[in-house]
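So the number in the numbering used here is just where the residue sits in the sequence shown, counting from 1, plus 23.
Cβ atoms here follow ideal geometry from the backbone N, Cα and C, with glycine treated the same way.
As the structure is a computational prediction, the values presented were derived from the model and not from experiment.
Structure first, commentary second.
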Amino acid sequence: MLARGKSLPGPHGWPILGCLLEVDPSRLHLSFDKWAKQYGPLLSCKMATKKLVVISCPRLVKKALTEKGSDVLNDRTETSFSKYVMDNAKGVIFGKYEPTTIQLKRHMKKGLKMHGQGVPQFETMAKKELDKLLKSVEDQRDRDFNPREFVAKYVANFVTILYSGSVLDETDAKVIWEYNDAIKVLLDASKDTMLLTFPFLRFLPTNIGRIYRSIMEAKEELLKKFFQSNKETYQPGQERGLVDALFKLQSEEKHDGEMQCLTDPQIKAIIQDVIFGGIGSVTNSILSILLILLRNHECVNKIYQEIVNVVGLDRYPSLQDRPAMPYTEAVILEALRYITPVPISAPHRAMEEVEFEGYTIPKDALIFMNIWTIHHDPSIWGDPWIFRPERFLNENGELLPVEHSLRQSLVIFGTGPRSCVGEGFAKSRIFLCLTTLVQKFDLLPPDVGTLISDDARTFLPGGVLRPADFNVRTVAR
């Protein structure tokens, strides 16, 4: 990648404002999709002072973010959230592309491996949470109910177990969701720009000032419960969860004289990263999959038959069953493609001017993966708006290998060094929730009212798309 090439195609917009007046910031993926059809899979536009580069092709995404010389496109840009809430981008998600952040991501992966999916102690606690979920659904049996509250609590409690090794009380999930709901407001592009331009607004009795203060209050409660409490009770050699594992790695860093990157502020940032990166997307993915299954009941029957054949009815499905359940895995992959809960990647930043595919990407340009368009491109999928899990199975009913072109065209969790560190955790929670519910209950549309559409183009907008509230009816097997 060496400068300089042609200028990228794209909409011209207006002087000074660029394309700001042409887009709905909460539905930016739809504008990107329209422009990709008009200008091609590699385009640029201006949003006020910001230059955006949009990539809408899986081959180009991988070339830009994973191939030799791609490091210059893997930085992050400063936002008001990363600056003021994440203490100058201390964590993994918002951190600059530099040795400290790379090492921090290794620590986070190691901690997740020690106290995450597949770990017996974690899975024992997970079964208790599945019991609670099933009891909640059982209490609503044979009547219409909204599953959102139960799914949201299930996901938040798993995060609590990940943090601390257990769910201590019912306020754990409440604290997590209060932080998640608070930060969503500040992530709006207009509020972010306003706060970066006029940082003193944080301290004034204005709407944005109140938003900022509510976030900081939610952050204080979160860290009091999951950082300070764990710090005060941590005992070396008796690590209970991810936070204790990070304390252990922190002490090993000091002992071995390694580069010190696991400071207390970094651990606090990772606690926030886990919520920012996963709780909303996992919750809404599960709800969206339930909605899809209500509209495709034959898929429920096929998943149930696979459960009967592989797991039986005398125990819960486990993560060890996943390799033997290709149809269920195909349903999850197809649902995540069809929905695309996170339609646009978090922006990367070009650290210097580079040539890419014969075009010039200017220094400080924001690079977006247009995941929405990639996952609904007819040239890749043929019938992208048909929910068809079989597209991920071969003629023998086996899951397509990871290197297959269709699997390579799935960029749900990003790619390259900035890909989502919690991909395995997210997929495993979706699998356990889905299979456990289908094992115990038949999932049916509500008796009263009309079931909403499962077309993600109708979903509520935001950084994470979500279906409007809907009702489901469950019948015990």
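Closer than 6 Å by C-beta to residue i: which residues in its own chain qualify, once you throw out the five before and the five after it? Chain order, please.
| i | result |
| --- | --- |
| F55 | V77, N393 |
| Y186 | F249, G264, L265, V266 |
| R441 | N97 |
| M348 | E329, V333 |
| G134 | L265, A268, L269 |
| C284 | T123, Q126, L127 |
Does DSSP put residue i in a helix, a strand or coil?
| i | result |
| --- | --- |
| E121 | coil |
| G28 | coil |
| K158 | helix |
| V333 | helix |
| F501 | For the chain, the structure presents residues 24 to 500; residue 501 sits outside this window and is missing. |
| C68 | strand |
| L342 | helix |
| L191 | coil |
| E378 | strand |
| L422 | strand |
| L227 | coil |
| L210 | coil |
| L474 | coil |
| L218 | helix |
| M348 | coil |
| W408 | coil |
| C456 | helix |
| T183 | helix |
| T363 | coil |
| S93 | helix |
| F436 | coil |
| P259 | coil |
| D47 | coil |
| C322 | helix |
Per DSSP, which residues does residue i bridge with? Please list them.
| i | result |
| --- | --- |
| V495 | F168 |
| W37 | G41 |
| V354 | DSSP, once it has assigned bridges, lists no residue as partnering V354. |
| R372 | D98, L389 |
| R489 | L483 |
| L416 | L422 |
Who are the near neighbours of residue i in its chain, counting only those whose CB is closer than 8 Å to its CB and skipping five residues on each side?
| i | result |
| --- | --- |
| L25 | Caution is warranted here: a pLDDT of 47 is assigned to L25, below 50, making its placement in the model unreliable, and the coordinate value is therefore given only provisionally. Closer than 8 Å at Cβ, skipping near neighbours: V377, E378. |
| R225 | Y107, L218, I231, G232, Y235, R236 |
| S274 | P259 |
| F415 | E352, A353, L356, E357, L422, L423, L429, R430 |
| E244 | V198, E201, Y202 |
| I315 | C322, A358, Y361, I362, F410, D477 |
| L191 | T183 |
| D167 | P469, D470, V471, G472, N494, V495, R496 |
What do you reckon, are the CB atoms on residue i and residue j nearer than 8 Å?
| i | j | result |
| --- | --- | --- |
| I238 | L265 | no |
| Y327 | G28 | no |
| F454 | R345 | yes |
| D215 | T100 | no |
| P370 | F391 | yes |
| Y361 | A449 | no |
| V495 | L359 | no |
| N307 | V487 | yes |
| V434 | V115 | no |
| L460 | V498 | no |
| L157 | Y177 | no |
| P170 | L313 | yes |
| M504 | I184 | Residue 504 lies beyond the range of the chain shown here (24 to 500); nothing can be said about it. |
| M131 | Q295 | no |
With respect to the beta strand (DSSP E) encompassing residue i, which residues constitute its N-terminal and C-terminal limits?
| i | result |
| --- | --- |
| T383 | 382–384 |
| K74 | 73–78 |
Where do the ends of the alpha helix (DSSP H) carrying residue i lie?
| i | result |
| --- | --- |
| F482 | First-last for F482: undefined, no H or E at that position. |
| A112 | A112 -> no alpha helix (DSSP H), and no H or E assigned at all. |
| S428 | 428–431 |
| W395 | 394–398 |
| P288 | 287–297 |
| N253 | 252–256 |
| I302 | Neither: I302 is in no alpha helix (DSSP H) and is coded neither H nor E. |
| W404 | 401–404 |
| A87 | 81–89 |
| S54 | 51–62 |
Among residues of its own chain, excluding the 5 on either side of residue i, which ones have a beta-carbon nearer than 7 Å to its beta-carbon?
| i | result |
| --- | --- |
| S49 | P484, G485 |
| E375 | V95, K386 |
| G41 | C68, K69, M70, A71 |
Comparing the CB of residue i with every heavy atom of the ligand GDP, is any distance shorter than 7 Å?
| i | result |
| --- | --- |
| N319 | Because no ligand of any kind appears in the structure shown, any question about the ligand GDP cannot be addressed here. |
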